[in-house]
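Q:
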């Protein structure tokens with residue numbers, strides 16, 4: 086029997102500025118982050134209640150919010166890459182699935198997102214790359 090453990094974040098509204106728009110373009114008014122991190126189940130199936138026994142995701146969320154507000158981004162892809170780097174900096178993380186969506190797209194509706202999924206060898210290679218600035 087396989088046991089898998091995940092940390093899930095859904096619909097976190099990021100305070101960020103992304104894109105280059107002309108006066109006639111529809112400018113998104115929100116950027117939403119969905120993220121699922123696979124971690125070792127020992128950080129969820131715990132024998133004793135205490136923060137020292139779990140993956141403390143609060144510092145990661147604070148870092149993501151800092152990255153989002155740090156600067157203007159031309160692309161969602163660059164911000165999602167920086168968020169992925171923040172995630173893999175934590176040794177507990179075994180895989181990542183990140184979606185960054187912008188809305189609205191047309192007629193006050195719709196969203197468009199960029200998704201990144203890393204696990205196994207791809208995750209290990211990504212961890213070994215130099216951080217972005």
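In my numbering, the protein residues as written are 86 to 218.
C-beta atoms are modelled at their ideal positions from N, C-alpha and C, and glycine is treated no differently.
Pull the bridge partners of residue 202 from the DSSP assignment, please.
A: Note: residue 202 sits in a beta bridge opposite 182.
Q: Just the C-alpha distance for residue 117 and residue 186, rounded to the nearest angstrom, thanks.
A: Roughly 5 Å between the two C-alpha positions.
Q: State the Cα-Cα distance for the pair residue 198 and residue 189, rounded to the nearest angstrom.
A: Those two C-alpha atoms are separated by around 11 Å.
Q: Among 178, 154, 107, which has the Cα closest to the Cα of residue 126?
A: Minimum Cα distance to residue 126 is reached at 178.
Q: Express the C-alpha separation of residue 103 and residue 119 in angstroms, rounding to a whole number.
A: Using only the alpha carbons, I get a separation of about 17 Å.
Q: Select from 87, 193, 145 the residue whose C-alpha is nearest the C-alpha of residue 112.
A: The shortest C-alpha separation from residue 112 is found at 193.
Q: For residue 209 and residue 201, I'd like the C-alpha separation in whole angstroms.
A: Whole-angstrom Cα-Cα distance: 15 Å.
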